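Undergrad: The structure that follows is given in the form of structure tokens.
In the numbering used here, the protein residues as written are 135 to 197.
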């Protein structure tokens, strides 16, 4: 899975602004922070409220 948020993250970057762009650094920092937060959770943590999740899905799916 690629986490290349913008072209300049890729190996085939052709952006002429890349050498002086500040956005790449900011996006890279944000991506690392995002992944750091996700690392605190397991799939089991995210599906722990199984019954509430199932009820909500039934409500959304079947009205």
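Built from N, CA and C at the ideal position, the CB exists for glycine as well.
All figures in this text were calculated on a predicted structure; none of them were measured in a lab.
For the alpha helix (DSSP H) that contains residue 174, what are its first and last residues?
TA: Element bounds for residue 174: n/a, residue is neither H nor E.
Undergrad: In this structure, does DSSP put residue 155 in helix, strand or coil?
TA: Coil at residue 155, not helix or strand.
Undergrad: Between which two residues does the alpha helix (DSSP H) holding residue 194 run?
TA: Run containing residue 194: 184–196, per the alpha helix (DSSP H) assignment.
Undergrad: With a Cβ-Cβ cutoff of 9 angstroms, do residue 140 and residue 166 count as a contact?
TA: No, they are not a contact pair.
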